[in-house]
Amino acid sequence: MTPSRLRLEGVGKSFGDLTAVQDLSLELAVGESLALLGPSGCGKSTVLAIAAGLLAPDAGRVLLDGEPLTAAGKLGFMPQRDLLLPWRRLIDNLILGPELQGVPPAAAREQARELLPLFGLAGFEDAWPAQLSGGMRQRAALLRTVLAGHDTLLLDEPFGALDALTRLGLQDWLAAMRERFGWTLLTVTHSPEEAVYLADRVLVLSPRPARPAARIDIDLPRPRVPALRADPAFGQQVGRVLTALGLT
Ligand SMILES: Nc1ncnc2c1ncn2[C@@H]1O[C@H](COP(=O)(O)OP(=O)(O)OP(=O)(O)O)[C@@H](O)[C@H]1O
Ligand SMILES: [Mg+2]
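FYI, in this note's numbering the residues of the sequence shown are 294 to 541.
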């Protein structure tokens, strides 16, 4: 059996008298890709922040590789709103993770520069965050998460603010990178198609408080390739997710 990377057991979280998450359990195996889908405001970002160790649950516990998670920073985490530092140029935003880990800035910049074209950011390394479009800022935040060097990534609507075509291109990129590096992924998305394309399993959450409403194994071949989007089998899996969401 594949070992468990991340486990949430009976997790609950309230903000004052608002219960955001209730009795939520999920398991992410090493190398697995799980998508979290659910109505706006149901508690998805809260679940991800708990999984990242950034927010302590009121109930239940989080296990990383079988041990209670005690600190943040052990997993790659991309928040829903990009958090580029306005006083740092793009390139110096990108190297934040390696820099905190003690990598000399010149070497970290070199590594970041190599990936700029892949993320559609070539030529913008010296731009200030305010000079970038919304989509560029989001791609930069994703690249920064990748450069931090973790093999388990928690992504909160990583492509949410992008136009449809850029979004499909980055889904292809993420699917390919996952195969290449063996990443373990937990991705929040609002898109059933994106969930099916990126994930081995989809966890559909109920309206707030977030609780598992359906668990769907996605029965499609890997690696995911663009032609799959035109395959009737793809539409069938998307249909299952839509049904679980009560949308068919
Ligand atoms: N720090 C906080 N303080 C108070 N309430 C909060 C806080 N964070 C989240 N909430 C509330 O918890 C609920 C769940 O929020 P959360 O951001 O997890 O939802 P979400 O599913 O990610 O929504 P969306 O799809 O719109 O991103 C919301 O009602 C929100 O107002
Ligand atoms: Mg959210």
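All C-beta atoms in this analysis are idealised placements derived from N, C-alpha and C, irrespective of residue type, glycine included. Note that the structure is a prediction, hence the values are computed from the model and not measured.
With the criterion CB distance below 7 Å from any heavy atom of ligand 2, the matching residues run 337, 338, 373, 449, 450, 481 along the chain.
Under the three-state reduction of DSSP, residue 339 is assigned to helix. Between the alpha carbons of residue 476 and residue 324 lies a gap of roughly 6 Å. Taking C-beta atoms under 8 Å as the contact rule, residue 390 and residue 497 fail to qualify, at a distance of about 32 Å. The way I'd put it, the stretch 440-451 does touch the stretch 464-482; three or more beta-carbon pairs between them come closer than 8 Å.
Between the stretch 335-354 and the stretch 300-312, the count of Cβ pairs shorter than 8 Å is three or higher; the stretches touch. The secondary-structure analysis by DSSP pairs residue 503 across a beta bridge with 314. Collapsing the DSSP output to three states places residue 540 in coil. About 7 Å separates the beta carbons of residue 353 and residue 301, which is inside the 8 Å limit, making them a contact pair. In this structure, residue 308 has its CB closer than 7 Å to one or more heavy atoms of ligand 1. DSSP places residue 407 in the helix class (H, G or I) of the three-state scheme.
Separation of the CB atoms of residue 440 and residue 464 is rounded to 20 Å, and the pair is thereby denied contact status at 8 Å. Boundaries of the alpha helix (DSSP H) around residue 474: 457-474.
Residue 297 has its Cβ no nearer than 7 Å to any heavy atom of ligand 1. Residue 526 and residue 505 have their C-alpha atoms some 25 Å from each other.
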